[in-house]
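Working notes for the structure below.
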Amino acid sequence: MLAMEGDSVVAHARFYPETIYNQFKFCCQDPTHAITQEMVEMKLPPLANPAERILRITCFFVHKDYQGQGLSHKLIDAILEWAKNNAWKSVRCFAYPDNYWLSSEMCTPMLRTYSKHGFRKIETVMIPEAKDLLQQMKNGELGAERKKKIEKICGNKDLLEFATFYEMERQL
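Add 57 to the 1-based position in the sequence shown for this note's numbering, that's all there is to it.
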């Protein structure tokens with residue numbers, strides 16, 4: 058799902074059937090998890106079982122110049138409308154609890170953003186990749202600017218707190 062201004066993409070959200078996500082673990086932050094030509098050419102079986110008709114929002118990004126203008130809400134609304142119109146049972150995603158800077162760095166809208174759209178917490182999840190990224194940032198391995206930002210936000214807090222996300226779901 059794209060948000061456009063003229064010919065430019067200013068925000069996007071990727072979503073996939075849960076069964077596909079579980080197989081490939083798509084992620085917009087890691088180029089090794091990008092969609093490959095092999096995936097595009099796969100002949101996927103139809104999802105006949107209603108229990109399998111779950112969509113997973115896997116990547117969510119709003120360009121920094123367009124943040125705070127409601128694009129996250131518009132994208133979520135569009136995804137929910139598309140899912141409902143195409144007979145999906147529910148939509149799932151990860152949400153970060155309360156740190157706007159970190160949630161934008163991790164391509165993950167905040168808990169309250171999804172909650173406003175009827176998503177409910179179904180599980181608390183520790184994401185090792187997020188903890189690793191945060192540790193790299195704190196160590197300065199991803200550049201001095203990111204290290205400065207993470208130190209400003211994290212302070213002396215335990216990085217495990219910043220690697221905790223919520224699994225959210227919205228029934229349709």
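Glycine included, each C-beta is placed from N, C-alpha and C at the ideal position.
Just so it is clear, the structure is predicted and the values come from calculations on it, not from any experiment.
Write down the C-beta distance between residue i and residue j rounded to the nearest angstrom, noting that I regard them as a contact closer than 8 Å.
i, j, result
"residue 148", "residue 59", "Their Cβ separation, rounded to whole angstroms, is 17 Å, which puts residue 148 and residue 59 out of contact at 8 Å."
"residue 221", "residue 183", "6 Å"
"residue 72", "residue 113", "6 Å"
"residue 193", "residue 199", "5 Å"
"residue 188", "residue 197", "At roughly 16 Å, the Cβ-Cβ gap does not stay under 8 Å, so residue 188 and residue 197 are not in contact."
Taking the alpha helix (DSSP H) that residue i belongs to, which residues open and close that run?
i, result
"residue 171", "168 to 172"
"residue 138", "128 to 142"
Taking only three categories from DSSP, how would you classify residue i?
i, result
"residue 229", "coil"
"residue 113", "strand"
"residue 188", "helix"
"residue 201", "helix"
"residue 74", "strand"
"residue 108", "helix"
"residue 99", "coil"
"residue 194", "helix"
"residue 150", "strand"
"residue 65", "strand"
Let me make sure I understand the geometry here. Which of the options has the alpha-carbon closest to that of residue i?
i, options, result
"residue 110", "130, 141, 121", "141"
"residue 66", "223, 120, 198, 131", "120"
"residue 136", "69, 79, 105", "69"
"residue 153", "77, 181, 199, 103", "181"
"residue 11", "191, 178, 206", "What is shown of the chain runs 58 to 229, which leaves residue 11 out entirely."
"residue 130", "99, 173, 151, 100", "173"
"residue 79", "203, 123, 150", "150"
"residue 76", "145, 125, 132", "145"
"residue 116", "139, 138, 98, 133", "133"
"residue 61", "106, 226, 107, 122", "122"
"residue 74", "63, 125, 108, 171", "108"
"residue 125", "170, 227, 202", "170"
In terms of residue numbering, what span does the beta strand (DSSP E) encompassing residue i cover?
i, result
"residue 178", "177 to 183"
"residue 220", "Segment: none, residue 220 is in no beta strand (DSSP E) and carries neither H nor E."
"residue 61", "59 to 62"
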